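Report on one structure; see the data block that follows.
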Amino acid sequence: MGSQKVRVSQDVVRGKHGYRLTIGELSYEMVPQVDLGATDGVQFASRPDFVLWPVQKGRRPVAIFLDGYAFHADTLEDDLLKRQALMHAGFVVWTLNWYDINQVMGDKALEVPLPAGMTSSEQNNKAITALAAVAEVSNVAEHLVKTPFELLMHFLMEQDAHALAKQGLLFAFQCLPGHALSDPAVRQQALASLDGLPASFTDLQPESVALAGAVTLTDNQSRASMTLNLLASRQLLTSADLTQASINLRYDANDATDTALYAWQRFWCAVNFLQFLPVFYAWTPQMNANGSAAGLLWPTAGQVSGTASDGGTQNSPAWFDYVDKDLADVLKTHTLEWPETAMVGEPVMNDDEEIIGEVELMFEAQKIAFLLDNEPDQLAARAYLEANGWQVFTQVDTLAAAMNHMDAGA
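Taken in order, the sequence shown gives residues 5 to 414; the numbers are from the numbering used here.
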């Protein structure tokens, strides 16, 4: 995938036949047909087609659903309820369909929705640029031309949920025509969209709404439509606090099930992207009418899934305290589980017990050593270490890749 290597091998995972998936520096245990429910912190039980459990600590598990339209066109309400319950339990949830998979397999003739196709040509570029600057986002179109599968692979490689949340917010603003945020009638429509939605969601709305907008995306081939409603406080514009923006996404089949395939695909494409936002809800009028989602719970303040750590902060082993601070900071940028034990600044002795050099880091169990390439005393130990079966590195990137390779069991 891009410049990152992807490796898949069969394995026994949690007592079941599964796979070991390694993408770049991250590894996952991939298990098919996993039942998730109350014991997993999931409010409404479901069975994803695959669950990818991250090997490294501090990462988020990923539940993947592979849907066929013929069956799932009539189960949208149930699918939304169960999948959002998984999101609120800390899972990243991805919905793919036959078209997504077959395009990856080489059928480029298949049309797959892209986020770019949902954006408005009349978007307020000035406001979006200002918000991006506050959110410290340099490229507001970074993911707009990624297919659902490509965006999934990006997340699996990076585990950058907070960055994707900011991109998702900017995507929502790009869907809105500029006038949608200044039209009183549209503002009222966005505010009214909260009527009948779960109380646990409406309780998370900004206390003072400064911006309110809505847009309905229609499908030329059917009567199905999708309406995005956005509410935000002024604080969002000054601090990029994502909890100060609320987005709800409504899907209306309008009795067009037989012709609504593309609209259905586009809806799930948007849900995949917007799920990283802390205050997001996808729904249908039927869910309101039958009350099925009334009891759906969102994480409480401070535990909102979209604002939780995206895995960039993990507990560092004690030996990090003894490493040069600049080196430790670089090591921490690599999302892998470093060994708990390492020797720092260790002298290297030859067979005659003479000190021939020094090693910055030694991982004895793995027979891996890291040397500073600007320290002659350390470079002097390299030949001896390699002759005795050690892997020796002078670049943190290659050290991290080797550690991850061993961690993945490759």
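The beta carbon of each residue, even a glycine, is placed where N, CA and C say it ideally should be. Nothing here was measured: the structure is a model prediction, and the numbers come from that model.
Exercise. Note down, in chain order, each residue of its chain lying with its Cβ closer than 8 angstroms to the Cβ of HIS147, except the 5 sequence neighbours on either side.
Key: Here residue 147 refers to the residue found at position 143 when the sequence shown is read from its first residue. Around HIS147: PRO119, LEU155, HIS158, LEU168, GLN171, PHE175, PHE277.
Quiz item: Using a Cβ-Cβ cut-off of 6 angstroms (strictly less than) and excluding sequence neighbours within five positions of PRO415, which residues of its own chain qualify?
Solution: Nothing about residue 415 can be read from this structure; the chain reaches only from 5 to 414.
Quiz item: What are the complete alpha helix (DSSP H) segments, minimum 4 residues, inside the segment 31-76?
Solution: 73-76
Self-check item: Euclidean distance between Cα positions of ASP164 and ALA93
Solution: For this step, residue 164 is matched to residue 160 along the sequence shown. For this step, residue 93 is matched to residue 89 along the sequence shown. Going from the Cα of ASP164 to the Cα of ALA93 covers about 18 angstroms.
Self-check item: Buried/exposed call for GLU81, threshold 16 Cβ in 10 Å
Solution: Position 77 of the sequence shown, counted from the start, is the residue given in the question as residue 81. Residue burial is scored here from C-beta neighbours: GLU81 has at least 16 other C-beta atoms within 10 angstroms and is therefore classed as buried.
Quiz item: By Cβ distance, which residues of its chain are closer than 7 angstroms to ALA194, with the 5 residues on each side in sequence left out?
Solution: In the sequence shown, residue 194 corresponds to position 190, counting from 1. Cβ within range, chain order: ALA216, GLY217, ALA218, ASN233, LEU234, LEU235.
Quiz item: Quick one: is GLN192 buried, meaning 16 or more other Cβ sit within 10 Å of its Cβ, or exposed?
Solution: For the purposes of this step, residue 192 is taken as residue 188 along the sequence shown, with counting starting at 1. That one is exposed.
Quiz item: Can the beta-carbon of PHE69 be found less than 8 angstroms from the beta-carbon of THR99?
Solution: Numbered from its first residue, the sequence shown carries residue 69 at position 65. Numbered from its first residue, the sequence shown carries residue 99 at position 95. It is a contact, given that the beta carbons lie within the stated cut-off.
Quiz item: Mind checking whether THR345 and LEU30 have CB atoms under 8 angstroms apart?
Solution: Mapped onto the sequence shown, residue 345 falls at position 341. Mapped onto the sequence shown, residue 30 falls at position 26. Against a cut-off of 8 angstroms, the Cβ pair of LEU30 and THR345 comes out as no contact.
Quiz item: Distance, Cα to Cα, VAL59 vs LEU84?
Solution: Taking the first residue of the sequence shown as position 1, residue 59 is located at position 55. Taking the first residue of the sequence shown as position 1, residue 84 is located at position 80. Cα to Cα, the separation comes out at about 28 angstroms.
Practice problem: With DSSP as the reference, label HIS338 as helix, strand or coil. | Solution: Sequence index remark: in the sequence shown, residue 338 carries index 334 (1-based). Reduced to three states, the DSSP call for HIS338 is coil.
Exercise. Examine the Cβ distances between the segment 274-289 and the segment 252-265 and report whether three or more of them are shorter than 8 angstroms.
Key: yes
Exercise. Can you give me the Cβ contacts of THR263 inside the same chain, cut-off strictly under 6 angstroms, excluding the 5 residues immediately before and after it?
Key: For the purposes of this step, residue 263 is identified with residue 259 of the sequence shown, where counting begins at 1. Excluding sequence positions up to five before and after THR263, its CB lies within less than 6 angstroms of the CB of GLN225, SER226, all in the same chain and listed in chain order.
Quiz item: Could you check where the alpha helix (DSSP H) with HIS158 kicks off and where it finishes?
Solution: As a position in the sequence shown, residue 158 is number 154, starting the count at 1. Per DSSP, HIS158 belongs to the alpha helix (DSSP H) from 152-162.
Quiz item: Between the Cα of PRO351 and the Cα atoms of ALA385, GLY22, TRP323, ASP377, which residue gives the shortest distance?
Solution: Counting from one through the sequence shown, the residue named residue 351 turns up at place 347. Checking every option, the nearest Cα to that of PRO351 belongs to ALA385.
Quiz prompt | Where ALA189 falls: helix, strand or coil (DSSP) | solution = As a first step, residue 189 must be located in the sequence shown, where it is residue number 185. Three-state result, ALA189: helix.
Self-check item: Neighbourhood of LEU135 by C-beta, 8 angstroms cutoff - its chain only, sequence neighbours within 5 removed
Solution: To locate residue 135, count along the sequence shown from 1; it is residue 131. Closer than 8 angstroms at the Cβ level, and outside the excluded window around LEU135, lie LEU173, LEU174, PHE177, LEU240, LEU241, ALA244.
Quiz prompt | CA-to-CA distance, GLN248 to GLN209, given in whole angstroms | solution = For the purposes of this step, residue 209 is identified with residue 205 of the sequence shown, where counting begins at 1. For the purposes of this step, residue 248 is identified with residue 244 of the sequence shown, where counting begins at 1. Cα to Cα, GLN209 sits roughly 7 angstroms from GLN248.
Exercise. Rank PRO380, ASN392, TYR73 by C-alpha distance to the C-alpha of ASP104 and give the top, closest one.
Key: Along the sequence shown, read from residue 1 onward, the residue named residue 104 stands at position 100. TYR73 is the residue among PRO380, ASN392, TYR73 whose C-alpha sits nearest the C-alpha of ASP104.
Quiz item: VAL16: which of HIS76, ALA274, PHE205, VAL35 sits nearest, CA to CA?
Solution: By 1-based counting over the sequence shown, the position of residue 16 is 12. The residue with the shortest Cα to Cα distance from VAL16 is VAL35.
Exercise. Alpha carbon to alpha carbon, how far is ILE360 from VAL396? Give it in angstroms, no decimals.
Key: Here residue 396 refers to the residue found at position 392 of the sequence shown. Here residue 360 refers to the residue found at position 356 of the sequence shown. Taking the straight line from one Cα to the other gives about 16 angstroms.
Quiz item: Contact check, ARG64 vs VAL96 under 8 angstroms by CB: the rounded distance?
Solution: For this step, residue 64 is matched to residue 60 along the sequence shown. For this step, residue 96 is matched to residue 92 along the sequence shown. Contact flag correct, Cβ pair sits at about 5 angstroms.
Exercise. Tell me where the alpha helix (DSSP H) around ARG11 begins and ends.
Key: Working through the sequence shown from its first residue, we reach residue 11 at position 7. Per DSSP, ARG11 belongs to no alpha helix (DSSP H); it is in the beta strand (DSSP E), 10-17.
Quiz item: The alpha helix (DSSP H) spanning HIS183 covers which residue range?
Solution: Position 179 of the sequence shown holds residue 183. Per DSSP, HIS183 belongs to no alpha helix (DSSP H) and is neither H nor E.
Practice problem: Kindly identify the DSSP beta-bridge partner or partners of MET230. | Solution: Here residue 230 corresponds to residue number 226 of the sequence shown, with the count starting at 1. Bridge partners of MET230: LEU221, TYR255.
Practice problem: Would you mind listing the beta strand (DSSP E) stretches within the segment 258-299 that are 3+ residues and don't spill past its ends, in chain order? | Solution: 284-287
Self-check item: Residue range of the beta strand (DSSP E) that includes ALA373
Solution: Your numbering for residue 373 matches position 369 in the sequence shown. Where ALA373 is concerned, the enclosing beta strand (DSSP E) stretches over 372-374.
Practice problem: Go through its chain and collect everything with a Cβ distance to LEU180's Cβ below 8 angstroms, but skip five positions before and after it. | Solution: Along the sequence shown, read from residue 1 onward, the residue named residue 180 stands at position 176. Within the same chain, LEU180 has close Cβ partners SER124, GLN127, ASN128, GLY217, ALA218, VAL219, LEU232, LEU234.
Quiz item: Since TYR23 sits in a beta bridge, which residues does DSSP pair it with?
Solution: Locating residue 23 in the sequence shown gives position 19, counting from the first residue. Note: TYR23 sits in a beta bridge opposite GLN14, MET34.
Quiz item: Beta carbon of TYR266, beta carbon of PRO117: below 8 angstroms?
Solution: Looking up residue 266 in the sequence shown gives position 262. Looking up residue 117 in the sequence shown gives position 113. One thing to note: TYR266 has its Cβ within 8 angstroms of the Cβ of PRO117.
Self-check item: Boundaries (first-last residue) of the beta strand (DSSP E) holding GLN395
Solution: Here residue 395 refers to the residue found at position 391 of the sequence shown. Start and end: 395-397.
Exercise. Take GLU140 as the anchor and find which of LEU160, HIS166, LEU331, THR43 has the nearest alpha-carbon.
Key: Here the question's residue 140 lines up with position 136 in the sequence shown. Taking only the C-alpha atoms, the option nearest GLU140 is HIS166.
Self-check item: Chain-order list of residues whose beta-carbon lies under 8 angstroms from that of VAL138 (same chain, five-residue window excluded)
Solution: Locating residue 138 in the sequence shown gives position 134, counting from the first residue. The beta carbon of VAL138 sits closer than 8 angstroms to the beta carbons of LEU241, THR242, SER243, ALA244 from its chain, once the five residues preceding and following it are set aside; these are given in chain order.
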